[in-house]
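Engineer: In short: position in the sequence shown from 1, add 4, done, that's our numbering.
This is the structure I have questions about; it appears just below.
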Amino acid sequence: MTPPESGITVLGVDNILFTVGDLNEAVEFYTALGLPLAFRMDEPGIALFRLGGEPAGLLVRRGEISAAAGSGEGRPRLWLEVADARVTARTLRETGVAALADPFPVATGWTVEVADPWGNVVGFTDYTTMPERGRGA
Numbered sequence: 005m006t007p008p009e010s011g012i013t014v015l016g017v018d019n020i021l022f023t024v025g026d027l028n029e030a031v032e033f034y035t036a037l038g039l040p041l042a043f044r045m046d047e048p049g050i051a052l053f054r055l056g057g058e059p060a061g062l063l064v065r066r067g068e069i070s071a072a073a074g075s076g077e078g079r080p081r082l083w084l085e086v087a088d089a090r091v092t093a094r095t096l097r098e099t100g101v102a103a104l105a106d107p108f109p110v111a112t113g114w115t116v117e118v119a120d121p122w123g124n125v126v127g128f129t130d131y132t133t134m135p136e137r138g139r140g141a
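Written out as structure tokens, the structure reads:
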């Protein structure tokens, strides 16, 4: 493999960071999504959630949320692979987490997205139409 022209080689994802308005509410929301809490530090206002067996995690930090940031299409997104996004959508609905829309088809299968109270979007996507590309392959 040829190194990139910039000389920078990305080894992988370290952590994904989202700003939240309330740490307690964020911990409640993300644990309801099934993300295990790895640690929480109230004084600096941060919490880290595990993302499956990956070394990377989702770090939420308390901070000011700009009203101009809005929500929806322009917001940053974190998509997590699941076995079946449509089953995940049903499970989320049963636990009281509303999806932004019905599950929708993507090239690899299906995706459903939810947003936390601050507009950060988390998607759950599957590889049901291209299982050879998924983690189970």
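Where is the CB? At the ideal position from N, CA and C, for every residue including glycine.
Computed from a predicted structure; not experimentally measured.
Can you say whether Asp18 is buried or exposed, counting buried as having 16 or more other CB atoms within 10 angstroms of its CB?
Structural biologist: The residue you call residue 18 lines up with position 14 of the sequence shown. Exposed, since its Cβ has fewer than 16 Cβ neighbours within 10 Å.
Engineer: Skipping 5 residues on each side, what residues in its chain have a beta carbon closer than 7 Å to that of Asp88?
Structural biologist: Taking the sequence shown and counting its residues from 1, the one referred to as residue 88 is at position 84. Around Asp88: Asp130, Thr132.
Engineer: Which residue from Ala119, Leu39, Leu21, Gly113 puts its Cα closest to that of Glu136?
Structural biologist: For the purposes of this step, residue 136 is taken as the residue at position 132 of the sequence shown. Considering only alpha carbons, the answer is Gly113.
Engineer: What is the DSSP secondary structure of Leu96, counted as helix, strand or coil?
Structural biologist: Here residue 96 corresponds to residue number 92 of the sequence shown, with the count starting at 1. Leu96 falls in the helix class under three-state DSSP.
Engineer: Tell me, please, which residues DSSP counts as bridged to Glu117.
Structural biologist: For this step, residue 117 is matched to residue 113 along the sequence shown. Partner(s): Gly127.
Engineer: Would you grab the beta carbon distance between Val101 and Leu41 for me? Rounded to a whole angstrom, and I think it's under 8 Å.
Structural biologist: By 1-based counting over the sequence shown, the position of residue 101 is 97. By 1-based counting over the sequence shown, the position of residue 41 is 37. Rounded, the Cβ-Cβ distance is 16 Å, inconsistent with contact.
Engineer: For Gly49, which residues from the same chain have a beta carbon less than 7 Å from its beta carbon, with the 5 sequence-adjacent residues on both sides left out?
Structural biologist: Taking the first residue of the sequence shown as 1, we reach residue 49 at position 45. Contacts found: Leu27, Arg65, Arg66.
Engineer: Does the beta-carbon of Asp106 have 16 or more other beta-carbons within 10 angstroms, so that it is buried, or is it exposed?
Structural biologist: Mapped onto the sequence shown, residue 106 falls at position 102. Flag for Asp106 reads exposed.
Engineer: Three-state secondary structure (DSSP) at Leu27?
Structural biologist: Along the sequence shown, one-based indexing puts residue 27 at 23. Leu27: helix per DSSP, three-state reduction.
Engineer: Could you compute how far the alpha carbon of Glu47 sits from the alpha carbon of Met134?
Structural biologist: Taking the first residue of the sequence shown as 1, we reach residue 47 at position 43. Taking the first residue of the sequence shown as 1, we reach residue 134 at position 130. One C-alpha to the other measures close to 44 Å.
Engineer: Taking C-beta to C-beta, are Tyr34 and Leu62 nearer than 8 Å?
Structural biologist: Translated into the one-based positions of the sequence shown, residue 34 becomes position 30. Translated into the one-based positions of the sequence shown, residue 62 becomes position 58. A contact, by the Cβ cut-off of 8 Å.
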